[in-house]
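**Student:** Please find one structure pasted underneath; my questions will follow.
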Amino acid sequence: MGTKVYVGNLPYTCDESQLRDLFAADGRNVADVAIIHDRMTGQPRGFAFVQMASDDDAKRAIDALHGFVFGGRTLTVNEARPREGAGGGGGGGGRERRNSRPPRGKG
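Going by UniProt numbering, the final residue of the sequence shown carries number 107, and the count climbs one at a time with no gaps.
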């Protein structure tokens with residue numbers, strides 16, 4: 001098991017300090033907290049990643065917090081999976097973007 005934990009269904013008002021405190025309860029050690037924000041709006045997207053100090057801390061956090069109601073929302077907490085396509089080179093050069101909507105225009 002890894003030490004990075006995915007946290008889903010977060011209240012949009014949750015900040016890093018609150019999330020760190022939640023995961024540090026019961027003596028668990030938190031190394032880092034990253035709440036994910038929308039690139040365009042800067043608003044939280046409702047999920048985060050918490051890096052725990054050890055595999056044991058991560059397992060204990062998952063066991064304690066998966067299904068836990070926080071800020072009126074039921075959390076989804078599990079081991080983070082590697083990003084699809086992570087660690088790979090170049091980026092989408094040469095691909096054509098297609099828009100499903102016709103362009104806006106006059107007339």
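Backbone N, C-alpha and C define an ideal beta-carbon position, used for all residues, glycine too.
By how many angstroms is the C-alpha of Val-33 removed from the C-alpha of Arg-19?
**Tutor:** Your numbering for residue 19 matches position 19 in the sequence shown. Your numbering for residue 33 matches position 33 in the sequence shown. The displayed chain sequence assigns Leu, not Arg, to residue 19. When rounded, the distance between both Cα atoms is 7 Å.
**Student:** If contacts are defined as beta-carbon pairs under 8 Å, then Val-7 and Val-77 qualify, I think. What distance do you get, rounded to the angstrom?
**Tutor:** Within the sequence shown, residue 7 is the residue found at index 7, counting from 1. Within the sequence shown, residue 77 is the residue found at index 77, counting from 1. The Cβ separation is near 5 Å, so the contact holds.
**Student:** Could you tell me which uninterrupted beta strand (DSSP E) segments, each at least 3 residues in length, are contained entirely in the UniProt domain "RRM" (3-82), listed from first to last along the chain?
**Tutor:** Segments of the beta strand (DSSP E) lying fully in the UniProt domain "RRM" (3-82): 4-8, 30-37, 44-52, 76-79.
**Student:** Use the C-beta contact count for Ile-35: other C-beta atoms within 10 angstroms, 16 or more gives buried, fewer gives exposed.
**Tutor:** Within the sequence shown, the letter at position 35 stands for residue 35. Result: buried.
**Student:** Could you check the C-alpha separation between His-66 and Glu-84 for me, to the nearest Å?
**Tutor:** Reading the sequence shown from its first residue, position 66 is the one you call residue 66. Reading the sequence shown from its first residue, position 84 is the one you call residue 84. Taking the straight line from one Cα to the other gives about 23 Å.
**Student:** Nearest-angstrom Cα distance between Arg-28 and Asp-21?
**Tutor:** Taking the first residue of the sequence shown as position 1, residue 28 is located at position 28. Taking the first residue of the sequence shown as position 1, residue 21 is located at position 21. One C-alpha to the other measures close to 10 Å.
**Student:** What separation, rounded to the nearest whole angstrom, lies between the Cα atoms of His-37 and Glu-79?
**Tutor:** Start at 1 with the first residue of the sequence shown, and residue 37 comes out as number 37. Start at 1 with the first residue of the sequence shown, and residue 79 comes out as number 79. Each residue's Cα considered, the two are about 20 Å apart.
**Student:** Can you tell me whether DSSP reads Gly-92 as helix, strand or coil?
**Tutor:** Indexing the sequence shown from 1 puts residue 92 at position 92. At Gly-92 the pLDDT is 47, less than 50, meaning the model places this residue with poor confidence and gives no usable figure here.
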